[in-house]
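Here the structure is laid out as structure tokens; the discussion comes afterwards.
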Amino acid sequence: MPESGITDLADQDDDLLASWEVDAGRRGSGGVTGSAAVAATDMLAALATFPNGRGRVRVARLMPSMSGADYRYGATVLTAHRRDAVTTTVSGDAWDLDQ
202 MPESGITDLA
212 DQDDDLLASW
222 EVDAGRRGSG
232 GVTGSAAVAA
242 TDMLAALATF
252 PNGRGRVRVA
262 RLMPSMSGAD
272 YRYGATVLTA
282 HRRDAVTTTV
292 SGDAWDLDQ
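Under the numbering used here, the first residue of the sequence shown carries the number 202, and numbering increases by one thereafter.
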């Protein structure tokens with residue numbers, strides 16, 4: 202896992218969270234944690250269960266809303282693409298990059 206761009210969010214802002222998601226066509230997974238490093242590890246582990254797909258870790262903040270609470274997403278910290286069971290990672294946002 203690349204270390205560049207992955208920092209402990211608690212050191213930056215107590216209200217920030219790290220959201221991760223994996224999109225593998227009709228399947229995928231996701232989660233939220235207080236650590237970008239943990240989110241990156243979880244995202245890469247989930248992505249590795251699919252032969253093809255993409256994943257990302259984004260900064261998130263929990264915001265009050267009419268329905269209770271929603272996530273407000275910020276910058277993408279890490280993006281990963283998986284093709285033919287090989288994963289490539291990129292610091293920052295490369296979610297829409299065609300592989």
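By construction, the Cβ of each residue, glycine as well, lies at the ideal position given by its N, Cα and C atoms.
Close Cβ partners of residue i (< 7 Å) along its chain, the five nearest in sequence each way excluded
i      : result
Glu204 : Only weak support is given to the placement of Glu204: the predicted model assigns it a pLDDT of 47, under 50, and the question is left unresolved by the model.
Val287 : none
Ala249 : Thr288
N- and C-terminal bounds of the beta strand (DSSP E) containing residue i
i      : result
Met264 : 254-266
Asp271 : 269-284
Per DSSP, the bridge partner or partners of residue i
i      : result
Trp296 : DSSP lists no partner for Trp296.
Residue interval of the alpha helix (DSSP H) (run including residue i)
i      : result
Ala225 : Looking at the DSSP string, Ala225 is not in any alpha helix (DSSP H); the run it does join, the beta strand (DSSP E), is 217-225.
Thr234 : Taken as a continuous stretch (DSSP letters only), Thr234 belongs to no alpha helix (DSSP H), being part of the beta strand (DSSP E) at 228-234.
Ala237 : 237-248
Own chain partners of residue i with C-beta closer than 6 Å, once the 5 adjacent residues on each side are dropped
i      : result
Asp297 : none
Ser230 : Val223, Ala247
Ala240 : Ala219, Trp221, Thr234, Val258
CB-CB length for residue i against residue j, believed under 8 Å
i      : j      : result
Asn253 : Ala270 : Between Ala270 and Asn253 the Cβ distance is about 33 Å, and since that is not below 8 Å, they are no contact.
Ala219 : Thr234 : 5 Å
Whether or not the segment 273-282 and the segment 247-257 are in contact is what I'm after, with contact meaning three or more pairs of Cβ atoms, one per stretch, closer than 8 Å; do they touch?
yes
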